[in-house]
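Engineer: This is the structure, below, for whatever I ask next.
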Amino acid sequence: MLADVAATLRRLRDDEGDTRALGMVRVGFGLLLLNEAWLATQELRGQGFFGDHFHQPYLPEALVPSAGVYTLLLVAQWLAALLVVAGRRARPALLVSAALLVYAMLCDRLWFHHYRHTMAAFCTLLAFAPCDRHLVLGRAADRAPGPLWAQHAMKLQVSLMYLASGGSKLLDPEWRGGQMWSRMMPGLATVLPSSLARALETPLGASLMAKGAITTELGLAVLLWLPRTRRAAIAAGVLFHLTISMMTPVRLFTIEMLLVYLLFLKPEVTSG
Amino acid sequence: MLELGARGRAWFCALFFGGEILLVATADLRTDKSYGFRMFPEASSIRVHVDRRLDGGRLAPVEAGAWQAHDCSGGGHRVVWRQMVRWPAPAVLDAPVGAPYGVDNEVQRTRDALRWVADHTPEDCETRALVAHVERTRNGQPLDPVDLEVERAR
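Going down the list, the protein sequences come from chains L and P. With our numbering as the guide, the letters of the first sequence map in order to residues 1 to 272. With our numbering as the guide, the letters of the second sequence map in order to residues 1001 to 1154.
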């Protein structure tokens, strides 16, 4: 058993293959990083420098940037995002982007969002993957197989997130019992037939939906890895994230997860 | 630097996922459960009312999110809560404010916001402390209210 695990880990570490999907994921995250830079710029222009208002730094106040330094960091954020999209020096730019995201969240806890943490984690891992061989501005694609260990690490990160999210809900009696879910229903009620929406708003319906969400998350953590269940798991995961996206304002997180799902697909799918 | 050999890959993954697992395991130590992937932990809200404690202990309510203060020279100044405290902190007073990362986190934000406002209103020479009464609702169920008081440095 232990030998099997060790052999699997070695295979994931040394695996090589097609890198087209990594190029697609890089462009997707580059666009999301551009969106982040745009959001931060809009906030700076509209509401002013965050340090002039109430903010909650994890870091000592002395390490929080001044308005001038923050503006320079924003410029760096724009440049790094553009490089990621273009594919030129994209991997160092991904690391810089991730570092800037983390630094911003450490300077102000009010900036924390799960999707930003997720974005920083995936950008860090993507920086170590050969994501700059396809879809590069002004350069032909390099179709040679590349190391896929970082791609597998991104998939592992997906499983870790599902386990953490599903596990915390499972351990929370109120979540498990549906109290939280019943408060989320109004978002879904607008797209469901009214009789079904009413049924899901009952305590029994909310409880079943909560348990279904927990089962889905914990199941996806495992089933995405198994060849026999992968296709069904991807379909279930896409449906799950789109449903959540209709109920809550987490569209950026949905986009991130759907992008990373590309890495679970067989190379024949992503190469068209 | 980004092309790692076999040993480097193993070390990198051990550090990266070790850090992620540590963050997940310690999420309960942070009121916002940040970095723990606790998606949609609660459907909660709070309602914050702020009073100013003046000389002699008298309380003066902050109405419509603002108050008229006098500096130490007697000059008048209008102090507006919302200009200092912005969403997703409780920017609006006397109205329900969503607590997407949990009610405990929103109470902590309120306490920290009181501290920040107390420290950044030098034009107010009258207020001795800011007092907040926080009504809390977790997943639709009302909880006992919380009272906070932050003294101003003199």
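Ideal placement from N, C-alpha and C gives every residue a C-beta, glycine not left out.
1. Name the chain L residues that come within less than 8 Å of P:A1010, Cβ to Cβ?
2. So, do the stretch 123-143 of chain L and the stretch 76-91 of chain L have three or more beta carbon pairs nearer to each other than 8 Å?
3. Tell me, which residues are paired with P:D1094 by DSSP?
4. With a threshold of 9 Å between beta carbons, is L:R139 in contact with chain P?
5. Taking L:T188 as the reference, give the member of L:L262, L:N35, L:H241 and L:T8 with the closest Cα.
6. For P:A1118, which residues of its own chain have a beta-carbon under 6 Å away from its beta-carbon, when the five flanking residues on both sides are left out?
7. Examine chain L for any beta-carbon lying closer than 9 Å to the beta-carbon of P:G1018, and answer yes or no.
8. Under 8 Å Cβ to Cβ from L:A232, same chain only, skipping five residues before and after it: list those, please.
9. Kindly indicate which three-state DSSP category P:W1165 falls into: helix, strand or coil?
10. Quick one: any contact between the stretch 1108-1125 of chain P and the stretch 1071-1083 of chain P, if contact means 3 or more CB pairs under 8 Å?
11. Using a Cβ cut-off of 9 Å, pull out every chain L residue sitting near P:W1116, in sequence order please.
12. Cβ of L:T248 less than 9 Å from any chain P Cβ?
13. Between which two residues does the alpha helix (DSSP H) containing P:P1145 stretch?
14. My guess is that L:Q151 and L:A129 are in contact by the Cβ rule of under 8 Å, so how many angstroms apart are they, rounded?
15. For P:R1109, which residues in chain L fall below 9 Å Cβ to Cβ?
16. Have a look at P:V1024 and L:A144 and give me their C-alpha separation to the nearest angstrom.
17. Does the stretch 99-110 of chain L come close enough to the stretch 44-64 of chain L to have 3 or more Cβ pairs within less than 8 Å?
18. For chain L, find out if any of its Cβ atoms is closer than 9 Å to the Cβ of P:A1095; answer yes or no.
19. Let me know if L:E217 comes out buried or exposed under the rule of 16 or more other beta-carbons within 10 Å of its beta-carbon.
20. In the DSSP assignment, what are the bridge partners of P:L1130?
Structural biologist: Taking the geometry as given:
1. Here residue 1010 of chain P refers to the residue found at position 10 of the second sequence. The contacting residues are R13.
2. yes
3. Looking up residue 1094 of chain P in the second sequence gives position 94. Answer is none; P:D1094 lacks a bridge partner.
4. The sequence position of residue 139 of chain L within the first sequence is 139, counting from 1. No, no contact with chain P.
5. Counting from 1 along the first sequence, the entry for residue 188 of chain L is found at position 188. A small fix is needed here, since residue 188 of chain L is Leu in this sequence, not Thr. With distances taken between Cα atoms, L:L188 lies closest to L:H241.
6. Taking the first residue of the second sequence as position 1, residue 1118 of chain P is located at position 118. If we look at P:A1118 and ignore the five residues flanking it on each side, its Cβ neighbours are L1130, V1150 and R1152.
7. Residue numbering aside, residue 1018 of chain P sits at position 18 when the second sequence is read from its first letter. For P:G1018, the answer is no, since every Cβ of chain L falls outside 9 Å of its Cβ.
8. By one-based count along the first sequence, residue 232 of chain L stands at place 232. Once the five neighbours on either side are set aside, the close Cβ partners of L:A232 are L223.
9. The question about residue 1165 of chain P has no answer, for chain P in this structure spans 1001 to 1154.
10. yes
11. One-based indexing of the second sequence puts residue 1116 of chain P at position 116. By Cβ distance, chain L contributes H53, F54, H55 and Q56.
12. In the first sequence, the residue the question calls residue 248 of chain L occupies position 248. Yes, L:T248 counts as interfacial toward chain P.
13. For the purposes of this step, residue 1145 of chain P is taken as the residue at position 145 of the second sequence. Here P:P1145 belongs to no alpha helix (DSSP H); instead the beta strand (DSSP E) covers Q1141 to E1151.
14. Along the first sequence, read from residue 1 onward, the residue named residue 151 of chain L stands at position 151. Along the first sequence, read from residue 1 onward, the residue named residue 129 of chain L stands at position 129. Confirmed, Cβ separation roughly 5 Å.
15. As a position in the second sequence, residue 1109 of chain P is number 109, starting the count at 1. Within 9 Å Cβ-Cβ: F54, Q56, R109 and L110.
16. Here residue 1024 of chain P refers to the residue found at position 24 of the second sequence. Here residue 144 of chain L refers to the residue found at position 144 of the first sequence. Taking the straight line from one Cα to the other gives about 37 Å.
17. yes
18. On the second sequence, position 95 is the one that residue 1095 of chain P refers to. Not closer than 9 Å to any Cβ of chain L, the Cβ of P:A1095 fails to qualify, so no.
19. For this step, residue 217 of chain L is matched to residue 217 along the first sequence. Buried is the call here.
20. Your numbering for residue 1130 of chain P matches position 130 in the second sequence. In DSSP, P:L1130 forms a bridge with P:R1052 and P:V1150.
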